[in-house]
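Structure, as structure tokens:
In the numbering used here, the protein residues as written are 101 to 341.
The following block contains the structure:
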């Protein structure tokens, strides 16, 4: 559904002002697509400019609660994370998944563990938002909805995706293999391996870190996941989100 927007403006050769169409924009995107409260008429150049583009993912806040609920109900929006989603038919990417988290991630933390795996691969979306903070770094005070963990993360183990700092795929695999439930860890590791993570890289990193807590368990799960990939064992596939 779309709306045709009009503004009064002066037109050469015409006395007074006339109504001129400005843009055809989906009604649900009006709150973020057009400025509100401006009394200045648009110039002809502004009228001829391309209409504003609202980039996905869209949010409940920008569309309004009623419009959001209706679009999710009707299948026009597929929710990525709570209150953020994509138009139906648009494939989710790591950048889009990360951007759906931007306003929920506290400053100076790193997205890690299950949530980092979801950002990288799309498999399955975790219940809580997993973030890591440095031992001597900022610890968020508001932990609502967060799975907060203290961890030392080296600079080369962090990548920027969609404006967020996220543990890179290999570090993510190590953390998942160390901290997640074995069955869940195996499913996530299989997806990470199918998205290009090399077990040999993970094991080398593990060997270079002294006193990695749970190193034996992590090694066993990584090797088990690698065998599952080689044998073609069935495992949960990445979701459409």
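Glycine is no exception: its CB is placed at the ideal position from the N, C-alpha and C atoms.
Review point. In chain order, what residues of the same chain have a beta carbon less than 6 angstroms from the beta carbon of residue 52, not counting five sequence neighbours either side?
Key: Because residue 52 is not part of the residues shown, which for the chain are 101 to 341, the question remains open.
**Study point:** Residues that residue 248 bridges to, as DSSP identifies them
**Key:** 231
Review point. Is the number of C-beta pairs between the region 291-303 and the region 313-331 that are closer than 8 angstroms three or more?
Key: yes
Check your understanding: From which residue to which residue does the beta strand (DSSP E) around residue 185 run?
Key -> 184-187
Review point. In chain order, what residues of the same chain have a beta carbon less than 8 angstroms from the beta carbon of residue 187, not counting five sequence neighbours either side?
Key: Answer for residue 187: 156, 158, 176, 177, 178, listed in chain order.
Check your understanding: residue 305 by DSSP, collapsed to three states: which one?
Key -> helix
Check your understanding: Quick one: is the Cβ of residue 305 within less than 7 angstroms of any heavy atom of the ligand NAD?
Key -> Here there are no bound small molecules, and the ligand NAD is not part of this structure.
Check your understanding: What residue range is occupied by the uninterrupted beta strand (DSSP E) comprising residue 201?
Key -> No beta strand (DSSP E) holds residue 201; DSSP gives it neither H nor E.
Review point. What residues match up with residue 276 in a beta bridge as DSSP calls it?
Key: DSSP output for residue 276 lists no bridge partner at all.
**Study point:** 8 angstroms contact criterion, which residue 183 and residue 197 should meet: CB distance rounded
**Key:** Their Cβ separation, rounded to whole angstroms, is 14 angstroms, which puts residue 183 and residue 197 out of contact at 8 angstroms.
Point to revise | Simplified DSSP assignment, three categories, for residue 265 | key: strand
Review point. When we look at the beta-carbon of residue 325 and count the other beta-carbons within 10 Å, is it buried (16 or more) or exposed?
Key: Buried is the call here.
**Study point:** Cα-Cα separation between residue 218 and residue 144, rounded to whole angstroms
**Key:** 46 angstroms
Exercise for review: Just mark residue 194 as buried or exposed, buried being the case when its beta carbon has 16 or more other beta carbons within 10 Å.
Suggested key: buried
Practice item. Can you have a look at residue 256 and say buried or exposed, based on whether 16 or more other CB atoms are within 10 angstroms of its CB? Key: exposed
Point to revise | 4 or more residues per run - each alpha helix (DSSP H) lying fully within the region 149-175 | key: 160-163, 165-173
Check your understanding: Does DSSP classify residue 259 as helix, strand or coil?
Key -> strand
Check your understanding: Ordered along the chain, which non-local residues of its own chain (more than five positions away) have a Cβ less than 8 angstroms from that of residue 253?
Key -> The beta carbon of residue 253 sits closer than 8 angstroms to those of 210, 212, 232, 234, 267, 271, all from its chain and outside the five residues before and after it, given in chain order.
Check your understanding: Between residue 292 and residue 220, which are expected to be in contact by the criterion C-beta below 8 angstroms, what is the C-beta distance as a whole number of angstroms?
Key -> Taking the Cβ atoms as the reference, residue 292 lies roughly 7 angstroms from residue 220, within the contact range of under 8 angstroms.
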